[in-house]
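Input: a single structure, listed below in structure tokens.
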Amino acid sequence: MKHIKFFLSIFFTFTAGFLFGQKMPSAIKVNEQRIESRILELAEFGKDSNGRGYRVAFTKGDIQARAWYIGLLKKAGLEVSIDYAGNIVGKRRGKNPSLKPITFGSHLDMVPDGGDYDGCVGSVGALEMIEVLNEHKIFTEHPLEVIIFSNEEGGTIGSMAMAGHLTAEGLKQVSQSGLTMAEGIMAIGGNPDSIKNSVRKKGDIEAFLELHIEQGGILEKENLQIGVVEGIVGIVHWEVTVEGFANHAGTTPMDMRQDALLGASKLIIAVNEVINSVPGKQVGTIGKIAAMLGAYNVIPGKVMLGLEIRDLSAEKVEQLFTAIEKRAADISSASGIKINFQRQANESKPALTNKSLQEKIAASAKALGFTYKIMQSGAGHDAQEIALIAPVAMIFVPSVAGISHSPKEFTKAKDMANGANVLLQTILTLDKE
């Protein structure tokens with residue numbers, strides 16, 4: 092009888108702790124309606140007279156959205172600051188201040204005429220997580236930080252600064268807003284002259300997690316709810332110059348031409364063939380083309396192309412480019428045209444996400460009853476920069492029809508809530524370690 096009473100007392104003590112204090116993590120859920128409402132509210136910032144989105148970094152719409160978001164962070168009880176790079180940082184104290192912060196967030200800015208979900212789902216989801224913890228009176232051991240990075244769409248400027256490799260030259264570049272990066276950072280409350288003071292050292296952060304829309308159609312096509320990102324692809328650009336000889340289109344026989352546009356067309360086909368010649372998820376694109384002189388009656392003498400290759404392996408990118416160069420040399424020798432490749436400086440290296448964090452995200456998704464898959468991110472993200480200084484992970488939710496960077500971009504409220512719930516459970520799990 093004494094043993095029974097002992098175990099009953101333990102049971103009721105344990106149960107009461109969750110009924111009247113901390114709740115079981117699986118019982119805690121985000122507010123789907125609140126997430127959707129805030130996404131729609133955020134979408135109004137930066138709308139033009141035609142209802143199109145223009146919340147480009149450093150513009151009026153971006154500044155208004157940031158002020159709105161900061162107000163919500165403060166209302167949620169966070170200590171809010173803007174670092175020297177213009178990043179918004181909201182801090183929630185942990186029970187053990189000696190522990191490193193668990194960080195999470197995304198970005199608020201958008202591309203011109205963009206959608207309402209890219210970056211916003213992660214930003215609203217991060218705020219929602221804090222509010223749910225507050226509502227359930229849950230206090231984590233680790234400090235928590237919501238980080239909203241500045242100018243993600245214009246080159247992951249805020250996260251580059253935090254990772255310590257935003258250069259003086261980078262600050263001089265002109266942003267989509269018309270301001271230089273330095274001027275834009277000042278406009279949103281940062282200080283480019285002290286940008287080095289925004290750097291976080293390697294080991295300062297426990298982890299960074301980013302909830303994001305997939306921006307592709309894989310999850311929807313496979314009827315899956317969550318993507319567990321294994322890595323973010325590297326991206327390399329080349330400016331390609333194809334030179335032939337401009338001549339009269341009516342008097343030059345077909346067998347005497349050095350048509351730069353014809354050579355460029357063959358190169359475009361060769362890029363597609365090379366990229367598809369090996370197994371994997373690599374992609375290659377000729378996304379820019381300009382033919383000169385651009386007249387009906389002149390054989391094009393020069394064509395400018397923009398080549399991009401993306402893959403999770405930097406080595407594979409180099410191998411594919413080498414194969415493309417070889418095909419270009421074959422085209423040149425057969426037609427007498429010249430093809431030159433100029434590698435661009437704005438490349439980004441692949442970033443693998445942390446394996447342990449991947450496993451925690453997968454376990455959280457499974458515990459919540461969600462279907463998921465391990466997948467790579469074909470787009471660049473702030474997490475790619477933060478991976479240089481901290482363990483990172485990303486959670487994807489489906490994009491309807493795989494559309495992004497478009498006014499037609501859309502993610503269902505249920506899917507946003509699913510992703511936010513996975514983020515919440517993952518962070519609570521991580522906090523226990």
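Final position of the sequence shown in my numbering is 524; the numbers increase by one with none missing.
C-beta: ideal position from N, C-alpha, C; glycine also.
For residue i and residue j, I'd like the C-alpha separation in whole angstroms.
| i | j | result |
| --- | --- | --- |
| Gly-112 | Lys-228 | Because Gly-112 sits at a pLDDT of 44, beneath the cut-off of 50, its placement in the model cannot be relied upon, and the point is left open. |
| Asn-288 | Phe-149 | 21 Å |
| Asn-512 | Thr-520 | 12 Å |
| Val-369 | Ala-414 | 11 Å |
| Gly-378 | Leu-199 | 26 Å |
| His-303 | Ala-217 | 11 Å |
| Gly-152 | Ala-259 | 26 Å |
| Asn-242 | Pro-188 | 30 Å |
| Phe-230 | Glu-524 | 15 Å |
| Lys-503 | Asp-421 | 49 Å |
| Asn-141 | Leu-459 | 41 Å |
| Val-223 | Ile-126 | 11 Å |
| Glu-450 | Gly-385 | 54 Å |
| Met-201 | Asn-367 | 32 Å |
| Gln-475 | Glu-409 | 20 Å |
| Ala-484 | Ile-239 | 16 Å |
Report yes if the CB atom of residue i is closer than 7 Å to the CB atom of residue j, and no otherwise.
| i | j | result |
| --- | --- | --- |
| Ser-266 | Gly-245 | yes |
| Cys-211 | Leu-131 | no |
| Asp-522 | Glu-232 | yes |
| Glu-305 | Gly-318 | yes |
| Val-491 | Gly-510 | no |
| Ser-197 | Ser-172 | no |
| Ser-268 | Asp-473 | no |
| Asn-431 | Thr-332 | yes |
| Ala-351 | Val-394 | yes |
| Val-121 | Ala-508 | yes |
| Phe-136 | Ala-156 | yes |
Go to residue i, then tell me how far its alpha helix (DSSP H) extends in each direction, as first and last residue.
| i | result |
| --- | --- |
| Leu-411 | 405-426 |
| Leu-353 | 351-366 |
| Asp-200 | Note, Asp-200: premise wrong, no alpha helix (DSSP H); not H, not E. |
Taking the alpha-carbon of residue i as reference, which of the options has the nearest alpha-carbon?
| i | options | result |
| --- | --- | --- |
| Ala-382 | Asp-421, Asp-346 and Ala-337 | Ala-337 |
| Met-220 | Gln-316, Lys-523, Gln-516 and Ile-380 | Gln-516 |
| Gly-375 | Val-327, Ala-492, Gly-392 and Val-333 | Val-327 |
| Ile-380 | Ser-404, Trp-329, Lys-417 and Gly-162 | Trp-329 |
| Leu-403 | Gln-467, Lys-417, Gly-427 and Ala-456 | Gln-467 |
| Lys-165 | Gln-373, Ile-179 and Ala-436 | Ile-179 |
| Pro-482 | Lys-186, Glu-222, Met-345 and Leu-448 | Leu-448 |
| Gly-205 | Thr-444, Val-147 and Ile-486 | Val-147 |
| Glu-226 | Ser-268, Ala-167, Ile-276 and Glu-274 | Ala-167 |
| Phe-195 | Ile-296, Gly-261, Pro-283 and Ser-172 | Ile-296 |
| Gly-494 | Lys-312, Gly-142, Ile-366 and Ser-423 | One point to set straight first is that residue 494 is Ile, not Gly, in the sequence displayed. Taking only the C-alpha atoms, the option nearest Ile-494 is Lys-312. |
| Glu-234 | Leu-262, Lys-191, Ser-197 and His-256 | One point to set straight first is that residue 234 is Pro, not Glu, in the sequence displayed. If we check each option's Cα against that of Pro-234, Lys-191 comes out closest. |
| Phe-526 | Gln-373, Glu-450, Ala-436 and Ala-386 | Only positions 92 to 524 of the chain appear in this structure, which leaves residue 526 out of reach. |
| Arg-418 | Ile-400, Arg-434, Ile-360 and Thr-462 | Ile-360 |
| Leu-396 | Arg-434, Asn-367, Glu-409 and Pro-498 | Arg-434 |
| Leu-310 | Lys-464, Leu-270 and Ala-508 | Lys-464 |
| Ala-470 | Ser-424, Lys-429 and Glu-399 | Glu-399 |
Which same chain residues end up closer than 6 Å to residue i when comparing Cβ atoms and leaving out the 5 residues on each side of it in sequence?
| i | result |
| --- | --- |
| Ile-480 | Ala-254, Arg-291 and Lys-293 |
| Ala-478 | Ala-442 |
| Asp-207 | Ala-134 |
| Arg-62 | Given a span of 92 to 524 for the chain in the structure shown, any question on residue 62 remains unanswerable. |
Skipping 5 residues on each side, what residues in its chain have a beta carbon closer than 8 Å to that of residue i?
| i | result |
| --- | --- |
| Glu-438 | Gly-325, Ile-326, Val-327 and His-328 |
| Asn-388 | His-339, Ala-340 and Gly-341 |
| Asn-363 | Gly-375 |
| Leu-262 | Thr-271, Met-272, Ala-273, Ile-276, Pro-283 and Ile-286 |
| Ser-423 | Gly-354, Lys-429 and Ile-430 |
In terms of residue numbering, what span does the beta strand (DSSP E) encompassing residue i cover?
| i | result |
| --- | --- |
| Ser-455 | Note, Ser-455: premise wrong, no beta strand (DSSP E); alpha helix (DSSP H) at 446-458. |
| Ser-468 | 463-468 |
Within a Cβ cutoff of 7 Å, which residues of the same chain sit near residue i, ignoring the five residues on either side of it in sequence?
| i | result |
| --- | --- |
| Met-277 | Pro-283 |
| Thr-343 | Ile-390 |
Under 6 Å from any heavy atom of the ligand ZN, does the C-beta of residue i make it?
| i | result |
| --- | --- |
| Lys-293 | As presented, the structure is devoid of all ligands, the ligand ZN included, so that no description of it is given. |
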